[in-house]
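Data first, discussion second: the structure below is written as structure tokens.
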Amino acid sequence: MRRGGSGGGGGKRGGGGGPGLPAQLRNPPGGRNARIMLLALAVDRTGSGLWAASSVLYLTFVTQLSAQQIGVLLGTAGVAGIAGSPLAGRLAGRFPVRPLLIGCHLLRLVTLGLVLVCADFGALLPVIAVTYVGDRAAKTLEMLFATRTAGERRAAYQALSRSAANAGYGVGAGIAAIGLAVGTADAYRALILGDALSFVVAAVLVWRTDEARERTVEVARSGAPGAGGSAAPAGGGRVTPSEGGHGAPAAGARGTSADDGREAPARRTGPWRDRGYLGFVLLDIPMNLDDSILAVGLPLWLVERTSAPHALVPAFLVINTVLVVALQLGVSKRAEGPRRATRAVLLYGVLTFVCCGCLAAAALVGTWAAAALLLAAALLVTLAELMRSVSSWELAVLLAPEDARAAYLGAAGMSQSVQKSAGPPLLTGAVMAAGPVGWLVLGTAVAGLAVVQQRSCARRLGVEEPRTGQTLPVG
-16 MRRGGSGGGG
-6 GKRGGGGGPG
4 LPAQLRNPPG
14 GRNARIMLLA
24 LAVDRTGSGL
34 WAASSVLYLT
44 FVTQLSAQQI
54 GVLLGTAGVA
64 GIAGSPLAGR
74 LAGRFPVRPL
84 LIGCHLLRLV
94 TLGLVLVCAD
104 FGALLPVIAV
114 TYVGDRAAKT
124 LEMLFATRTA
134 GERRAAYQAL
144 SRSAANAGYG
154 VGAGIAAIGL
164 AVGTADAYRA
174 LILGDALSFV
184 VAAVLVWRTD
194 EARERTVEVA
204 RSGAPGAGGS
214 AAPAGGGRVT
224 PSEGGHGAPA
234 AGARGTSADD
244 GREAPARRTG
254 PWRDRGYLGF
264 VLLDIPMNLD
274 DSILAVGLPL
284 WLVERTSAPH
294 ALVPAFLVIN
304 TVLVVALQLG
314 VSKRAEGPRR
324 ATRAVLLYGV
334 LTFVCCGCLA
344 AAALVGTWAA
354 AALLLAAALL
364 VTLAELMRSV
374 SSWELAVLLA
384 PEDARAAYLG
394 AAGMSQSVQK
404 SAGPPLLTGA
414 VMAAGPVGWL
424 VLGTAVAGLA
434 VVQQRSCARR
444 LGVEEPRTGQ
454 TLPVG
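Here the sequence shown is numbered in the working numbering, starting from -16 and rising by one per residue.
Below you can see the structure in the form of structure tokens.
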């Protein structure tokens, strides 16, 4: 599929005959810095795979915590992690991103070291909470680094980073399987130590990069008066993502005097006073529910409400990992720019709705039909994840004023953190408790909120769908 231009250099390699995943990993958008950062990200996520696969068993068999204590521990840590994104954004507005990211890796190295020596619930609670804060802060800083390094080709970089991250996570989970098969306390400790080691390697790799500087982003605008025309921004075709739709500058942008055409500085505000951006962040929380549906909803629904074989549960993760690695790059080409990113939000809503419909139906049919519906749900929620992973990031960048992007992206990073804390209780306590109807209500709600999100972002970016007979440039 031929990709329309998204401004600047973003369309130069975007055609259907562009280089594949291995070639782009060798020469990613952003050059040497991006290549090193992708390797650091893969190493970091390899450690995350080790932690995800072994942490509960480590806390159960080595530290002897009860299931209730582990639930409270990880739930509290998830809530604490919400603070990591805005904290990182605020610090990145004042200090260079590179040393901050190195600091996050080293902070997690120290806290995981403490996990290995703490033996009771009271000591582990603050240690793991700080670990989660550092984890969320690191992800926000990685996002900001990528935005500055890749510039207008950030969607392509995001696709590569997702592929690298999933590959690393899969490698980590595979290594963890070996340790879990051994099943001794020393094997569990070795896995936690392996996660800590990944932070050392990632910090060294980040240290080898250069500090990235902010780049101007070109955004195609629409809304020209007259049939078939499109208005360029005042002063030329280069605009910043801070310029809102309908000719009005967004928070932090510079306005134009109506009397003499000269630029007049607009009042600068942060993300916490920008109601439009906060609305985007709030609506982005349900746009991240695919994560909880895949990790919590699918396996628990299979076990508790269907007759499908339990052996399907690992297949959900395999489907997700393989498809993300294989398709993320191609999906990113269809979500670059404001128009495509807003349309991807709508597609996310549709895919989530159909996925929830499959889950609801799986409880009403026989064994093999239920298995087929659950596998279809895993496929659909993975496709929804692919849409969300690119569109959420692209819109978070485009909607943020350039001179305060770090703080804005820090606020945007809270969406995923809040979902990770609120999503599992929502699914287990409300959706699944209501039975098949609960899934249909959830799917309908997400689809409806996706429409609201799409329209809100399109208005702010000035890329509303054209009227009949009106031609607009591809965004």
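The beta-carbon is built from N, C-alpha and C at its ideal position, and this holds for glycine as well.
Query                                                                                                                                                                    : Result
Just how far apart, CA to CA, sit Ser290 and Leu362?                                                                                                                     : 19 Å
What are the boundary residues of the alpha helix (DSSP H) that includes His88?                                                                                          : Val80 to Val100
Take Ala394 as the anchor and find which of Val348, Gly253 and Ala405 has the nearest alpha-carbon.                                                                      : Gly253
Under DSSP, the alpha helix (DSSP H) around Leu358 begins and ends at which residues?                                                                                    : Thr350 to Leu381
Tell me which residue opens and which closes the alpha helix (DSSP H) that Val187 is part of.                                                                            : Ala168 to Trp190
Enumerate in chain order the residues of its own chain whose CB-to-CB distance from Ala413 is below 7 Å, with the five nearest sequence positions on each side excluded. : Gly421
So, helix, strand or coil for Leu347, using DSSP?                                                                                                                        : coil
So does the region 433 to 447 actually touch the region 258 to 270, counting three or more Cβ pairs closer than 8 Å?                                                     : yes
Would you call Ala210 buried or exposed, if buried means 16 or more other Cβ atoms sit within 10 Å of its Cβ?                                                            : Low per-residue confidence applies at Ala210: pLDDT is 36, beneath 50, and the placement is therefore not dependable enough to give any value.
Using a Cβ-Cβ cut-off of 8 Å (strictly less than) and excluding sequence neighbours within five positions of Val337, which residues of its own chain qualify?            : Leu363 and Gly426
Is the separation between the beta-carbon of Thr29 and that of Val154 shorter than 8 Å?                                                                                  : yes
Whose C-alpha, out of Leu33, Thr132 and Ala355, is nearest the C-alpha of Leu180?                                                                                        : Leu33
Closest to Ala441 by CA distance: which of Leu382, Gly340, Ala168 and Gly406 is it?                                                                                      : Leu382
What did DSSP end up calling Ser439 once you bin it into helix, strand or coil?                                                                                          : helix
Less than 8 Å between the CB atoms is what I'm expecting for Val348 and Leu356, so what's the real figure, rounded?                                                      : 7 Å
With respect to the alpha helix (DSSP H) encompassing Leu40, which residues constitute its N-terminal and C-terminal limits?                                             : Gly14 to Phe44
What residue range does the alpha helix (DSSP H) around Gln402 cover?                                                                                                    : Met397 to Leu409
As a quick exercise: from Val429, Gly396 and Leu409, pick the residue whose alpha carbon is nearest that of Ala120.                                                      : Gly396
Just the Cα atoms here: how many angstroms apart are Ala207 and Val401?                                                                                                  : Legend: pLDDT at Ala207 = 37, less than 50; position of this residue unreliable, no value from coordinates given.
Could you tell me whether the region 160 to 169 touches the region 93 to 110, where touching means 3 or more Cβ pairs closer than 8 Å?                                   : no
For Ile65, which of helix, strand or coil comes out of DSSP?                                                                                                             : coil
Taking Cβ positions, are Ala17 and Tyr140 nearer each other than 8 Å?                                                                                                    : yes
Given a cut-off of 8 Å, decide if Gly320 and Ser439 are closer than it, judged by their beta-carbon atoms.                                                               : no
So, Phe299 versus Leu312, is the Cβ gap smaller than 8 Å?                                                                                                                : no
Is the Cβ-Cβ distance between Thr114 and Leu95 less than 8 Å?                                                                                                            : yes
DSSP three-state call for Ile268: helix, strand or coil?                                                                                                                 : coil
When the distance is taken between beta carbons, is Phe104 closer than 8 Å to Gln51?                                                                                     : no
Spatial neighbours of Ala37 within its chain, please: C-beta separation below 7 Å, excluding the five flanking residues on both sides.                                   : First, the amino acid is wrong: residue 37 is Ser here, not Ala. So the qualifying residues of the chain are Ala159, Gly162, Leu163, Tyr171, Leu174 and Ile175.
How many whole angstroms separate the CB atoms of Ala324 and Arg73, which I take to be in contact at a CB cut-off of 8 Å?                                                : That belief does not hold up - the Cβ atoms of Ala324 and Arg73 are roughly 25 Å apart, past 8 Å.
Of all the options Leu330, Trp284, Thr304 and Asp118, which has the alpha carbon lying nearest to the alpha carbon of Met270?                                            : Leu330
Tell whether a beta-carbon distance below 8 Å holds between Arg137 and Thr130.                                                                                           : yes
According to DSSP, simplified to helix, strand and coil, what is Leu444?                                                                                                 : helix
Applying the 10 Å Cβ sphere with the 16-neighbour rule, what's the burial state of Leu444?                                                                               : buried
Going by other Cβ atoms of all chains shown within 10 Å of its Cβ, with 16 needed for buried, is Ala345 buried or exposed?                                               : buried
Measuring straight from C-alpha to C-alpha, what distance separates Val446 and Phe128?                                                                                   : 27 Å
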